[in-house]
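Here our numbering is used: the first residue of the sequence shown is 1318, the next is one more, and so on. For glycine and all other residues, C-beta sits at the position ideal for the given N, C-alpha and C. Working notes, structure below.
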Amino acid sequence: MGSIKQIQVTFDCTEPPRVAQFWAEVLGYDAQPDTDGSWSACNDPTGVGPRLFFQRVPEGKTVKNRVHIDVRAGSGMVGRDRLAALQAERARLEAIGAVCVRVMEADEENESCIVMQDVEGNEFCLD
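Following this line, the structure appears as C-alpha cells:
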C-alpha cells in the first residue's frame, strides 16, 4: 500500500460558512462554501497545507477538543521576540472573532504559547 500524500481535517460545527471563513482568514486559505450552507471548506492556495472541511451537525460543542490546530506564529523565535510575535497574531485573530483563553509564558521547559478559541469555541494554539 502506498503512503498517504494529503490529509483533510474535518470540523463538526453549527455554521460551516462562518467557521470556514474564520479559518481561511487565519491561515491565508481560500474559502469554498457549499451552496446550501451544510458544509464549507478552505484550501491552502499553495497546495502544501491540509484542506479544512466544516460540516453542519445538530449538536453543539460540549467538551474540550481532543485534536486541535497549532498556528505556528512564532516558529524559530524565543523569549520576548516570540511572545511579541504571538501577541501580535493574537490581536489580529481577536479582530476576526477569536477569543484568548490564556497566555502561557515561557518557563524553564517550554517557550510561550497562547491558547485561543475560534468563532465556535474550538480550541487552538498560537505557538
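- Gly1364 and Arg1409 have their C-alpha atoms spaced approximately 24 angstroms apart.
- DSSP places Arg1335 in the helix class (H, G or I) of the three-state scheme.
- Residue burial is scored here from C-beta neighbours: Ala1405 has fewer than 16 other C-beta atoms within 10 angstroms and is therefore classed as exposed.
- Minimum Cα-Cα distance from Cys1442 among the listed residues Gly1391, Glu1426, Gly1396 corresponds to Gly1391.
- Just so you know, the alpha carbons of Asp1435 and Glu1428 end up roughly 22 angstroms apart.
- A buried status is given to Asn1439, since no fewer than 16 other beta-carbon atoms sit within 10 Å of its beta-carbon.
- By the neighbour-count definition (other C-beta atoms within 10 Å, threshold 16), Arg1383 is an exposed residue.
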